[in-house]
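Notes to accompany the following structure.
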Amino acid sequence: MAALSILVGAVGATGPGVMITIDDPGPGVAPEVMIDVINELRAAGAEAIQINDAHRSVRVGVDTWVVGVPGSLTVDTKVLSPPYSILAIGDPPTLAAAMNIPGGAQDGVKRVGGRMVVQQADRVDVTALRQPKQHQYAQPVK
Numbered sequence: 528m529a530a531l532s533i534l535v536g537a538v539g540a541t542g543p544g545v546m547i548t549i550d551d552p553g554p555g556v557a558p559e560v561m562i563d564v565i566n567e568l569r570a571a572g573a574e575a576i577q578i579n580d581a582h583r584s585v586r587v588g589v590d591t592w593v594v595g596v597p598g599s600l601t602v603d604t605k606v607l608s609p610p611y612s613i614l615a616i617g618d619p620p621t622l623a624a625a626m627n628i629p630g631g632a633q634d635g636v637k638r639v640g641g642r643m644v645v646q647q648a649d650r651v652d653v654t655a656l657r658q659p660k661q662h663q664y665a666q667p668v669k
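The sequence shown lines up with residues 528 to 669 when you count with our numbering.
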């Protein structure tokens, strides 16, 4: 049950992973660029992801959405401003390599005038939480 609680974001998580900083002086990092970063981390096996700015934190979940304009991204319901800090728990070399895939997340940030720095870490703490939502349609199979 603890592993499921981590995956849905109901509890904090700690473990090895990466710390990513995205500077966006342009600004140029649009929602689709942030979605690319999130999706690359998920595809690389990230087990918990958090996005921060200087004042707010958002836990990324299965239903996370990103909208807005460069310089003001709304992640779920929270408006975030650059620089963005992304924490992801998983295998550090795999997560870091996922950011450097040619044509991938880091290239997308560079293409719009931003800068991404990826640091591998033995310990990353993801502390932002999500409130589980009631399912309207899906029910367990009996």
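Idealized CB from N, CA, C, for every residue including glycine.
Straight-line gap, residue i to residue j (C-alpha atoms, nearest Å)
{"i": "Gly631", "j": "Pro558", "result": "15 Å"}
{"i": "Gly555", "j": "Lys669", "result": "49 Å"}
{"i": "Gln633", "j": "Arg583", "result": "23 Å"}
{"i": "Met626", "j": "Glu567", "result": "7 Å"}
{"i": "Gly536", "j": "Val639", "result": "31 Å"}
Nearest-angstrom Cβ-Cβ length linking residue i and residue j, presumed shorter than 8 Å
{"i": "Trp592", "j": "Asp603", "result": "6 Å"}
{"i": "Ala540", "j": "Val653", "result": "5 Å"}
{"i": "Ala571", "j": "Leu622", "result": "5 Å"}
{"i": "Val651", "j": "Gly542", "result": "7 Å"}
{"i": "Arg569", "j": "Arg657", "result": "Rounded, the Cβ-Cβ distance is 15 Å, inconsistent with contact."}
Counterpart residues of residue i in DSSP-defined beta bridges
{"i": "Ile616", "result": "Gly544, Ala575"}
{"i": "Thr601", "result": "Val594, Val606"}
{"i": "Ser532", "result": "DSSP lists no partner for Ser532."}
{"i": "Tyr611", "result": "Ile549"}
{"i": "Gln646", "result": "Met546"}
Residue i burial status per 10 Å Cβ neighbour count (16 or more: buried)
{"i": "Leu563", "result": "One point to set straight first is that residue 563 is Asp, not Leu, in the sequence displayed. When all chains shown are included, Asp563 counts as buried."}
{"i": "Asp649", "result": "exposed"}
{"i": "Gly553", "result": "exposed"}
{"i": "Gln577", "result": "buried"}
{"i": "Pro619", "result": "buried"}
{"i": "Met561", "result": "buried"}
Proximity test, residue i beta-carbon vs the ligand PLP heavy atom, cut-off 7 Å
{"i": "His582", "result": "Of ligands this structure carries none, so the ligand PLP is not represented either."}
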